Structures are given as C-alpha cells and as structure tokens.
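Protein chains in written order, with my numbering: chain A, 22 to 279; chain B, 49 to 267; chain C, 130 to 209. Just so it is clear, CB atoms sit at the ideal spot from N, CA and C, and this is done for glycine as well. No experiment lies behind these values; they were computed from the predicted model shown. What follows is a single structure, written as structure tokens, with notes after it.
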Amino acid sequence: MYGKGLRLLSISTVAAMALALSLVFFYAPLDADQGFLQKIFYIHVPMAIVALCGFIIGALLAIAHLRTRDPRWDMRSYVAIHMSLIFAVGALITGSIWAKGSWGHWWEWSEPTLVSFLIVFLLYATYQPLRFAIEDPERQARYASVFAVTAGAFVPLNFMAVRLSTAYVHPRVLGSTSNLPGPMALTFLVSLGAIGLLYATLCKYELTAKHTRAQLRALRRRLLGEGQDATKPRSRSAAPSVAPGATMSAQAASRSVL
Amino acid sequence: MGALLRKELLVELRTLESVPAMSLFAVTTFVVFHFALNRNSVEGDLAAGILWVTLLFAAILGVNRLFVADADQGGFDGFLLAPVDRSSLLVAKALTLLAYLVVLELVAVPAFALLLGPPFGNALPDLIGVLALGDIGVAAVGTLVAALAVRTRARDLLGPLLGLPLLVPIVIGGARASAPLFAVAHAGAPAARWLLTLGLYDLVFGLIAYALFDFLLED
Amino acid sequence: MGAIVLGDAPALPLHEAGKYVAAAYIVLFALVLIYVAIMAIRLSRIERELGELLEGVERPAGEPAAGEAPTQAPRESTLA
C-alpha cells in the first residue's frame, strides 16, 4: 500500500515549499557580492544535494534488494535513482543559469563541485540503458542493483578526487556554506527541507502509480484469464514492476473469478 | 584459482586477442598526439594527462573482451557447476586484466618516452608505483563492469559507457600524481595526497567488486 | 562578511538578475508540472483500462453484475 502516507507528505511539501519561497524572497537578505542573482542558490544547491542523497539512497535500497531478493526493493531503488536523475538535471540547468548570470558563460570547469556532479550525472544516465539492455526481469533487477551500489560508492569518492584536484591550483569559486550569515542559513535549511520533501513526495507518488498499474494488470489477468494476456504481451521495459498475485496459476485465477 | 588464472593467461597467449590490440592502440595514439600537438616533447601536466588518458582508453579495449569468450562459448555454465568459490573467477579475471595492463605499460611507456619525450629518467620507480596503483583500480572496476556489460544487448557500448565515468578518479589521481614526475625544471615526487586517493579508490572498489560479483553470476 | 564569494564578478543590476532568477525558479516549476502532466496521462490510462475491465466483467456475468456495476460507476466519477 504505497499511497498511505501520500496525503500527509504532499501537504507538508506544499507548506514547506511555500514557507521556503517566502523566506527566499521576503526574508533572506541580499547578497553583498551577487545581489539578487544569489537567490538561485536556494533552489540550485538543495536540488544538487537531494539528488546526490537520492543516489546514495538508491544504492542502499539496491543492497536491500540484493539481500532479500524482494523485487519491491528494486522498484524503490529504481524510483529513487530515476527521481534523483531528474533532480540532477534540474540542478545542472539551474547551475548553468546561475553561472551565466554571474560569470557570463554557461559552465565553469575549474569549479570542482560542478564537474564532479556532471561526472556523477553521466554515470547515472547509463542506469536506464543498462536496464533496458537486459530482458529477463529478474536479471535486470539484479544487475541494476549491482550497478546502483557501485555507483553509490562512487559518488563520495568522485567528489573527493575532483575537489582535491582543484584545491590548490584555483581558488574555490563557490565558497563553502559554513560561513553563511544567520538569515541566509535558515532560509537555506528550510529550502533544503522543502526540496527534500518534494523529492520524497514525488517518489512516493511514482511508487503508488507503478503499484496501481501493476494491480490493474493483475486484476485484468484474473478477470479475463490467459487469453487476454496473450493478445497484449508485455513489451520490453527498463522499469521494474511488482504485481500482487503475479505468480498465480491460470487454474487458480479462473477458479476465483467464478 | 591458480588454475583459472593459468587458463586465462594461456588462452591469451595462444589467441593473442587483447594485449596486442591494446598496445598497438596506445602506440598509435601517441603518434597521433605527436602530430596533432605538433610538438617533439611534452611535459608536466600535459604529459601526465596524455599518458593516462591513452592508457585508460587502451584498457577499455581490453575490458570489452574480458568476458566475451566465456559468455559466447558457455564458459560460465561450466564454471558454475564446478565446486569453486565464485569470487575466484573475479580475482582470476581481475589479475588477468592487471597482467594485460602491465604488459600494455611495458610497451606504452617506452613508446611514450620515445614519441613524446618527456624527461623522467630517474623518476621511473615513482612512475611504476603510480602506474601500479592505478592499474589495480582499473582492474577491479574494469572486471566488474565487463561482467555487468557482457550479458546485455549492447555489450560493446555499455562497457565503456559504464566504465569511463567510474574510472575518472583514477585518471585524475594518476595524472596529478605523475605530473611532477614529468616536469622539466624539477622532477619532484608524486604528492602523497594522490597516492592516498588512488589507494583508497583501489580498496573501496576492490571490496565492492568482490562483494557484488557473485550476484552477477547467478544464472 | 559571510557572503558567498564568487570571484571578481560584479553584481548584476536588479532588473537583469531578476530574469535569471526567474528562469531558474521556472525550471523547478516546469519540472514539477511536467511530472504532473505525466501522472495525469497515466491516470487517464488507468481509468480507461478499469473501464474496459468493468465492461468485460459486466457482459459475461449478465444481470446480477450489471445491476451493481452501473451504480458503482456514477459514484466513482463524482470523486474526480
């Protein structure tokens, strides 16, 4: 039952997002150097952080899948990674917009966080092609989980390596957030919470939708029997799906209908 | 496991599939760089970068072929039936890849010195150390990625696609570590920071590959 | 002075910076809306399939099923 906490979660997300946006535009002071442009910081950085955490959560869920072999863990891992990838795209686009506004060009190679984030993004962009290239669903889930764990371990290592490589050659352009003044720090934390809640809501939403679709398919199979299933064969897909009673035999299915 | 390793190396010696291709690729790439950069010698960061990127791409060639024979000729089934610890296949394949890389470097590094002539005479032991650390990481990750990609539909594409981002820290670490070795004015020692990074990467991904490999072999 | 240092770039005037900030926030908004659209398409597909299933059940089952199925349907649609 995936939709259970969805109402509470989505309402909290709306409240948090409204609060965050109000803080950003009415409370947080203008940055001395960057002026109004700095406001992008309040959505760009949280999206990047949430995306990275999402990738690591995807890795943890993949470990659960490998240990229990329960396909539901694989579905959760898939949704976590998929959603993180979308947030990562958002982070890259908003980062580019910020870069264009402050430096005049769309990208900055000497900024280690941007570069390592791009590498992580490119890595996870191969997750779906990998899944799509394996037809057997059980093997697809297994291989995808192996990849998710490897990639999850890669994220911190990659950031470390790239950051080290530019530390002494070029002064860090985007300074650390540890010296944010009070009001800015508060706004940032609230924004981070709001984006995090948004991520959780969207993931739950996605899981509920997938589960509903799978339940529908199972219902169709039970009500209409084997014949209907044959006329609409399941096409290859990169997405996992778990159906309740998917392993029921045809005999049991027809018996329960009557 | 010793028997597995011996079999791998014997097969390679007889068929000579991977290593000559890798070495030839590396040498050819150096020649291309020589003409593209229009220089007789490179040094410092540029030299380190060229060397490591070329080695990386040559390694990818070897990675692609690593499991292909097993997958095509049913070698996996025979292995699974035998009462052997499955991770020993991983170790054997990784050591094989490591051996390929060592031979590759035995050819590529002198070629590099010859064609692009960076000065590194007495820094050779340091360079060997850095290369060794990098090779271990490439072997671990390369074997895992090869096993992952070999039984998918687009195996030649997926191997490099998955492997290249994962190997970026090694390229960064290796290039940064060997840059001072190629510097003209003052051939310094590689910074400990990079050796640590490479070592950490090797440790983490070696363990991960060892832990996850079983899951790839199940059917 | 705990402001974020960003090289030597001078601050954009408000009316110019506003465009970039707006663009960035629009990106976030657009992502969420695109997701809403995708979900809407999925929901309509589920509704259609459920409708087909209901029809498929009504016809073979005959009168008893048809008696209760139509009363179910109107109640469901008022929730939409």
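Close-in-space but distant-in-sequence residues of the same chain around residue i (CB under 8 Å, 5 per side omitted)
i: TYR189/A; result: Low confidence applies to TYR189/A: its pLDDT is 47, below 50, so where it sits in the model is not reliable enough to give any reading.
i: ALA145/A; result: It is Tyr, not Ala, that sits at residue 145/A in the sequence shown. Result list for TYR145/A: PHE76, ILE102, SER105, LEU106, ALA109, ALA172, in chain order.
i: SER31/A; result: THR222, TYR226
Backbone secondary structure at residue i - three-state DSSP
i: ASP54/A; result: coil
i: PRO158/A; result: helix
i: TRP130/A; result: coil
i: LEU109/B; result: helix
i: ALA239/B; result: coil
i: ALA231/B; result: coil
i: PHE209/A; result: helix
i: PRO177/A; result: helix
i: PRO11/A; result: With chain A covering 22 to 279 only, the question about residue 11/A has no answer from this structure.
i: ALA169/A; result: helix
i: MET38/A; result: helix
i: GLU184/C; result: helix
i: HIS191/A; result: The predicted model places HIS191/A with a pLDDT of 40, which falls under 50 and marks its position as unreliable, so this point remains unresolved.
i: TYR145/A; result: helix
i: GLU266/B; result: coil
i: PRO213/B; result: helix
i: TYR149/C; result: helix
i: THR125/A; result: The amino acid occupying residue 125/A in the given sequence is Gly; Thr does not appear at that position. If DSSP states are grouped into helix, strand and coil, GLY125/A belongs with coil.
i: ARG171/C; result: helix
i: TYR154/C; result: helix
i: TYR258/B; result: helix
Spatial neighbours of residue i in its chain, beta-carbon cut-off 6 Å, leaving aside the 5 residues before and after
i: ALA80/A; result: ALA169, VAL170, GLY173
i: THR102/B; result: ALA74, THR77
i: GLN149/A; result: ALA259
i: TYR99/A; result: PRO261
i: VAL151/B; result: VAL67
i: ALA37/A; result: GLY214, ALA215, LEU218
i: PHE175/A; result: none
i: ALA41/A; result: VAL211, SER212, ALA215
i: MET70/B; result: ALA106, LEU109, GLY110, LEU152
i: PHE81/B; result: ILE98
Nearest neighbour of residue i, chosen from the options [CA to CA]
i: LEU209/B; options: VAL66/A, VAL141/A, LEU237/A; result: VAL141/A
i: ARG224/B; options: ALA239/B, ALA84/B, VAL79/B; result: ALA239/B
i: ILE118/A; options: LEU135/A, LEU106/A, ALA41/A; result: LEU135/A
i: ALA51/B; options: VAL75/B, ARG201/B, LEU143/B; result: LEU143/B
i: ALA95/B; options: PHE263/B, ALA159/B, VAL193/B; result: ALA159/B
i: VAL167/A; options: TYR23/A, PRO202/A, ALA85/A, SER123/A; result: ALA85/A
i: GLU266/B; options: PRO166/B, LEU114/B, ARG199/B, VAL155/B; result: ARG199/B
i: ALA106/B; options: VAL116/B, LEU212/B, VAL90/B; result: LEU212/B
i: LYS141/B; options: VAL189/B, ASN86/B, ALA231/B, LEU246/B; result: VAL189/B
i: VAL88/B; options: ARG201/B, LEU172/B, LEU138/B, GLY165/B; result: The question names Val, yet the displayed sequence has Asn at residue 88/B. The residue with the shortest Cα to Cα distance from ASN88/B is GLY165/B.
i: LYS121/A; options: ALA221/A, TYR23/A, GLN55/A; result: GLN55/A
i: ALA180/B; options: LEU192/B, ALA195/B, ALA194/B, LEU154/B; result: LEU154/B
i: MET22/A; options: HIS232/A, LEU244/A, ALA239/A; result: HIS232/A
i: ARG171/C; options: SER186/A, GLN161/A, PRO177/A, LEU237/A; result: LEU237/A
Partner residues on chain A for residue i, Cβ-Cβ distance less than 8 Å
i: LEU157/C; result: ILE64, MET68, GLY111, THR115
i: ALA202/B; result: PRO150, ALA154
i: ILE256/B; result: VAL170, THR171, ALA174
i: TYR249/B; result: LEU178, ALA182
i: GLU178/C; result: LEU237, ARG241
Partners in chain A for residue i, counting only beta-carbon separations shorter than 7 Å
i: GLY221/B; result: ALA182
i: VAL216/B; result: ILE140, ASN179
i: PRO213/B; result: ILE140, LEU143, LEU144
Within chain C, partners of residue i - CB distance below 8 Å
i: ILE118/A; result: TYR149, ALA152, ALA153, VAL156
i: LEU245/A; result: LEU182, GLY185
i: TYR48/A; result: Here the premise fails: no neighbours, minimum Cβ distance about 16 Å.
Close Cβ partners of residue i (< 7 Å) along its chain, the five nearest in sequence each way excluded
i: ASP174/B; result: LEU229, ALA237, PRO238
i: ASN179/A; result: SER137, ILE140, VAL141
i: ALA72/A; result: SER105, PHE108, ALA109, ALA112
i: LYS55/B; result: none
i: THR191/B; result: LEU114, LEU138, LYS141, ALA142, LEU145, ALA257
i: GLY185/B; result: ILE218, LEU246, TYR249, ASP250, PHE253
Where residue i meets chain C, residues with beta-carbon distance less than 7 Å
i: ALA230/A; result: MET168, ARG171
i: ILE107/A; result: LEU160
i: PHE57/A; result: LEU143, ALA146, GLY147, VAL150
Residue i Cβ short of 8 Å to the ligand FAD heavy atom set
i: SER33/A; result: Although the ligand FAD was asked about, the structure shown includes no ligands whatsoever.
Cross-chain neighbours of residue i in chain B, by beta carbon under 7 Å
i: SER186/A; result: ILE220, ARG224
Neighbour flag for residue i against chain D, beta carbons, 9 Å
i: GLU153/B; result: In the structure shown, chain D cannot be found, because the protein chains are A, B and C.
Per-residue contacts from residue i into chain C (C-beta, under 9 Å)
i: LEU223/A; result: VAL161, TYR164
i: LYS25/A; result: The contacting residues do not exist; LYS25/A stays about 18 Å from chain C at best.
Under 8 Å by beta carbon: chain B residues contacting residue i
i: ARG163/A; result: PHE263, LEU264, GLU266
>> List, from N- to C-terminal side, the beta strand (DSSP E) runs of 3 residues or more that fit wholly inside the segment 70-100 of chain A.
In response: Listed in chain order, nothing qualifies, since the segment 70-100 of chain A has no complete beta strand (DSSP E) run of 3 or more residues.
> Unbroken alpha helix (DSSP H) runs of length 4 or more, entirely within the segment 65-93 of chain B: which are they?
Replying inline: 66-85
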